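To start, the structure under review is shown below, and the notes come after it.
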Amino acid sequence: MKFSKRITSMQSSPIRRLVPYAEAAKSEGKKVYHLNIGQPDIVTPPGFLESIKKFAEDVIAYSSSHGSYELIDAMIDYYEGFDINLERKNLIVTNGGSEALSFALMATCDPDDEVLVPEPFYANYNAFASSVNVKLVPITTKAMEGFHLPSKAEILKKITPLTRAILFSNPGNPTGVIYTKEEMDMIA
């Protein structure tokens, strides 16, 4: 099979490239601390597991293409508690953050557009951007400064006519930095 130029030009996940080395070390009896996947160590809620065990439908039907309205309404109610008003028509439920980010890039960017992103950043952002032919422009942060954002002036220097968005998560991934209200307001 011949693969497309798109897929052959994409950077593979550095996280996934390291897994075979970790597995080899484990097979040699070495203790390996996996820092590659953000797997939570919290117990799965018993009610969730019970619901799955009790599920008795013969056919699992697709939900609405926007996602479960019950979940969307619960999200709306939750955010109302923070004085954030959302509407069903403006929300979509995805199968995870990766799908949501890919959709967001496709919805906001054209080929060759640019998206600013605080660096270091989640390695798979490269693949998401590459798949839609978007260039990531790093906003360099420093460990000595707790990975907090540089000045507004430094960020503004990165903006060009091709800039369409800032890809931003709080807390930051992978550093875990929790941005201040002032930083959030500056980005907004």
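Quick note: the sequence shown uses the numbering used here, first residue 1, plus one each step. Cβ coordinates follow ideal geometry from the N, Cα and C atoms, glycine included. Predicted model, so just to flag it, every value in this text is computed and none were measured.
Next item on the list: Please name the residue, chosen from F147, S13, I84, that lies closest to P117 on a Cα-to-Cα basis.
Entry: Residue 117 sits at position 117 when you count from the first residue of the sequence shown. For clarity, residue 117 is Val in the given sequence; the question names Pro instead. Of F147, S13, I84, the residue nearest in Cα terms is F147.
Note to self: Checking 7 Å against the spacing of the C-beta atoms, do E119 and T140 come in under that value?
What the structure shows: Numbered from its first residue, the sequence shown carries residue 119 at position 119. Numbered from its first residue, the sequence shown carries residue 140 at position 140. Cβ distance < 7 Å, so E119 and T140 count as in contact.
Next item on the list: Taking only the alpha-carbon atoms, compute the straight-line gap between K89 and E70 and give it to the nearest angstrom.
Entry: Position 89 of the sequence shown, counting from 1, holds the residue named residue 89. Position 70 of the sequence shown, counting from 1, holds the residue named residue 70. When rounded, the distance between both Cα atoms is 14 Å.
Check: Between M10 and S130, is the Cβ-Cβ spacing less than 7 Å?
Finding: Looking up residue 10 in the sequence shown gives position 10. Looking up residue 130 in the sequence shown gives position 130. A contact, by the Cβ cut-off of 7 Å.
Check: Ends of the beta strand (DSSP E) at T163?
Finding: As a position in the sequence shown, residue 163 is number 163, starting the count at 1. Its beta strand (DSSP E) spans residues 163 to 166.
Check: Are the Cβ atoms of K26 and V19 separated by less than 7 Å?
Finding: The count along the sequence shown starts at 1 and reaches residue 26 at position 26. The count along the sequence shown starts at 1 and reaches residue 19 at position 19. No, the Cβ-Cβ distance between K26 and V19 is not below 7 Å.
Check: Under 7 Å, do E183 and L149 count as touching if we go by C-beta distance?
Finding: Along the sequence shown, one-based indexing puts residue 183 at 183. Along the sequence shown, one-based indexing puts residue 149 at 149. Yes; because the gap between Cβ atoms is below 7 Å, this pair is in contact.
Check: Is the beta carbon of A123 sitting closer than 7 Å to the one on I7?
Finding: The residue given as residue 123 occupies position 123 in the sequence shown. The residue given as residue 7 occupies position 7 in the sequence shown. Their beta carbons are not under 7 Å apart, which means A123 does not touch I7 by this criterion.
Next item on the list: Output the boundary residues of the beta strand (DSSP E) element that contains L116.
Entry: Residue 116 sits at position 116 when you count from the first residue of the sequence shown. 114 to 119 is the extent of the beta strand (DSSP E) around L116.
Checklist line | Inter-residue spacing [alpha-carbon to alpha-carbon] between A127 and G29 | finding: By 1-based counting over the sequence shown, the position of residue 127 is 127. By 1-based counting over the sequence shown, the position of residue 29 is 29. Between A127 and G29, the C-alpha separation is close to 33 Å.
Next item on the list: Check K208 in the structure and name its three-state DSSP category.
Entry: Outside the shown range of the chain (1 to 188) lies residue 208, about which nothing can therefore be said.
Notebook entry, point to check: Around the C-beta of F3, are 16 or more other C-beta atoms found within 10 angstroms, so that it is buried, or is it exposed?
Noted result: In the sequence shown, the residue the question calls residue 3 occupies position 3. Exposed, because fewer than 16 other Cβ atoms sit within 10 Å of the Cβ of F3.
Margin query: I need the straight-line Cα distance from D77 to S169, nearest angstrom please.
Written below: The residue labelled residue 77 in the question sits at position 77 within the sequence shown. The residue labelled residue 169 in the question sits at position 169 within the sequence shown. The straight-line gap from Cα to Cα measures roughly 22 Å.
Check: Under three-state DSSP, which class holds I187?
Finding: As a working mapping, residue 187 is identified with position 187 in the sequence shown. Looking at I187 - three-state DSSP - the assignment turns out to be helix.
Next item on the list: Could you tell me whether the Cβ of M186 comes closer than 7 Å to any Cβ of chain B?
Entry: In summary, chain B is missing from the structure at hand, where a single protein chain is found.
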